[in-house]
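Student: I have a structure I would like to understand better, so I am pasting it below and will then ask my questions one at a time.
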Amino acid sequence: METFQDPAQIVARLEALASPVRLEIFRLLVEQEPMGLVSGDIAEHLGQPHNGISFHLKNLQHAGLVTVQREGRYQRYRAAMPVVRALVAYLTENCCRGTQDCALPRETISSSVRQGNQR
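Just so you know, the sequence shown maps onto residues 1 to 119 in the UniProt record's numbering.
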């Protein structure tokens, strides 16, 4: 199970999503699960130049939010869903303590994280 104990790691992942372009790339990759997309298709979907998309993908990959797999001369990017589930669980458990409007039931969080480990 992916867990977060290092606050710097949490901050790095949140910072990676703080860019509107990276957030849009990440949202697109989550929508395209489990197949993912190659960088050229991501650039086309978003109407952005390929070199700019590559920069943002590297940032997301470095933060651990996406994975990459080489396919011949292409690279396929996928959302790292177990990492995302663990990040959401961390935020819910540690930032929403005592706030009923924010907190999800603990069993919902645990179930979500477990489902990510079954992939």
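We treat Cβ as the ideally placed atom computed from N, Cα and C, and that holds for glycine.
With respect to the alpha helix (DSSP H) encompassing R13, which residues constitute its N-terminal and C-terminal limits?
Tutor: For the purposes of this step, residue 13 is taken as residue 13 along the sequence shown, with counting starting at 1. Its alpha helix (DSSP H) spans residues 7-16.
Student: I want to know whether the stretch 8-15 touches the stretch 42-56 - three or more CB-CB distances under 8 Å.
Tutor: In short, these stretches do not touch, since the Cβ pair count stays below three.
Student: Any idea if P82 is buried or exposed, counting beta-carbon neighbours within 10 angstroms, 16 or more meaning buried?
Tutor: Mapped onto the sequence shown, residue 82 falls at position 82. P82 is buried by the Cβ-count criterion.
Student: Buried or exposed: N94, going by 16 or more other Cβ atoms within 10 Å of its Cβ?
Tutor: As a working note, residue 94 is residue 94 in the sequence shown. When all chains shown are included, N94 counts as exposed.
Student: Among the candidates F55, V38, Q61, G52, whose CA atom is the shortest distance from the CA of R73?
Tutor: Counting from 1 along the sequence shown, the entry for residue 73 is found at position 73. For R73, the nearest C-alpha among the options comes from V38.
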